[in-house]
Amino acid sequence: MTPSALQRALTLPGDPVLRPLPRQVAVLLEELHAPPRLAAHLRAVHDVAHRLADWAEQHYPQLDFNRHAVLFGAATHDIGKVLHPEELSRPGSEHEEAGHDLLIARGVTEELARFARSHASWNAPGVSTDDLLVSLADKVWKGKRVTDLEQLLIERLSETSHQRPWEAFVALDDVLDQIAQDAERRLAFQAEHPAAPGIG
91 MTPSALQRAL
101 TLPGDPVLRP
111 LPRQVAVLLE
121 ELHAPPRLAA
131 HLRAVHDVAH
141 RLADWAEQHY
151 PQLDFNRHAV
161 LFGAATHDIG
171 KVLHPEELSR
181 PGSEHEEAGH
191 DLLIARGVTE
201 ELARFARSHA
211 SWNAPGVSTD
221 DLLVSLADKV
231 WKGKRVTDLE
241 QLLIERLSET
251 SHQRPWEAFV
261 ALDDVLDQIA
271 QDAERRLAFQ
281 AEHPAAPGIG
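Position in the sequence shown (from 1) plus 90 gives the number in the working numbering.
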């Protein structure tokens, strides 16, 4: 049996090799007949979030964040585009609330579902380190650098490590530069998968 376009997006290794999505998320995307391009995008952002979480744990072990929440959030942040597939190819924010509500309806806790709504609101009051990491992964996967977003994380890194802010900046800048080097290949992986759902 030939694998469907969605299955290919979920399982092809990619270049660079992308980690698979958490099984719960992959099953949900299959049940929702998600556009293959959405699955490819979620894999890219999830993989980058994995790299950021690994880096933070190694270099900033006192940083207070929930690794599981960050990885789940990165893997589902755009899931609302199942209901708003037009936002896969043009700007739009209707997928944010829709994705949150979809996850809640599927039994996902508010703690984990919130990333679908909050990933574009990293400058909102009370934003957590988890939210910052998901938002950062959603930017740097394609090589985009957002100074204000990065500065919020630098402040947390500096506080938790007692480093001077410039030291935390250098450390974060270095890992983000490394991640951004593969941005074009991640973008190419996403683009090779169709934006429309289907079995082809």
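The beta carbon of each residue, even a glycine, is placed where N, CA and C say it ideally should be.
- Assignment of Trp231 by DSSP, reduced to helix, strand and coil, places it in the coil class.
- For His190, the enclosing alpha helix (DSSP H) starts and ends at 184-195.
- For the 8 Å CB-CB criterion, Leu223 and Ala139 form a contact.
- With at least 16 other beta carbons inside 10 angstroms of its own, Lys171 counts as buried.
- Apart from sequence neighbours up to five positions away, the residues of its chain that approach Leu119 with a beta-carbon distance below 6 Å are Ala129, ordered along the chain.
- As the crow flies, the alpha-carbon of His174 is around 7 Å from that of Glu184.
- Secondary structure note for Arg276: its alpha helix (DSSP H) is the uninterrupted segment 273-281.
- Judged by beta-carbon spacing, Trp212 lies beyond the 8 Å limit of Ala134, meaning their Cβ atoms are not closer than that value.
- In the three-state reduction of the DSSP assignment, Trp256 falls in the helix class, which pools H, G and I.
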